[in-house]
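Notes for the one structure printed next.
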Ligand SMILES: [Zn+2]
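In the numbering used here, the protein residues as written are 6 to 111.
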């Protein structure tokens, strides 16, 4: 049984727990997109794996406030799970943090 809201606390402690990763990293198998069942990806990204070549696969999912999607490089098939950085409730915090970082790097 699934109780909505009851899993917020554990998710904060262990954000990866409920996120089943469908990407299988292997250099022995050919890259393959069997989304949403499985994505077979080379173990390491290459130079081609830029944002321009990476294409969003499937829908953006959300689990416990974390939004993520899968992205696959169109050239070599390297796949990543991409997490969106901001959740609405802490937008301000994120913005402030980024401004702070920018200040540090200048
Ligand atoms: Zn690539």
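We treat Cβ as the ideally placed atom computed from N, Cα and C, and that holds for glycine.
In the DSSP assignment, residue 54 is bridged to no other residue.
Scanning its chain for C-beta atoms nearer than 8 Å, with the 5 sequence neighbours on each side dropped, one finds around residue 75 the residues 27, 28, 40, 44, 61, 62, 63, 84, 85, 86, 87, in chain order. When C-alpha distances from residue 32 are compared across 46, 78, 38, 72, the shortest belongs to 46.
Residue pairing by DSSP puts residue 45 in a beta bridge opposite 29, 37. For residue 74, the enclosing beta strand (DSSP E) starts and ends at 71-78. Annotation: the continuous beta strand (DSSP E) that includes residue 87 extends over 84-88. For residue 67, DSSP records a beta bridge to 72. For residue 80, the closest of 25, 37, 30 by C-alpha to C-alpha distance is 37.
Within its own chain, the residues whose Cβ lies closer than 8 Å to the Cβ of residue 65, once the five positions on either side in sequence are excluded, are 72, 73, 74, 89, listed in chain order.
Residue burial annotation: residue 59 is buried, with at least 16 other C-beta atoms found within 10 angstroms of its C-beta.
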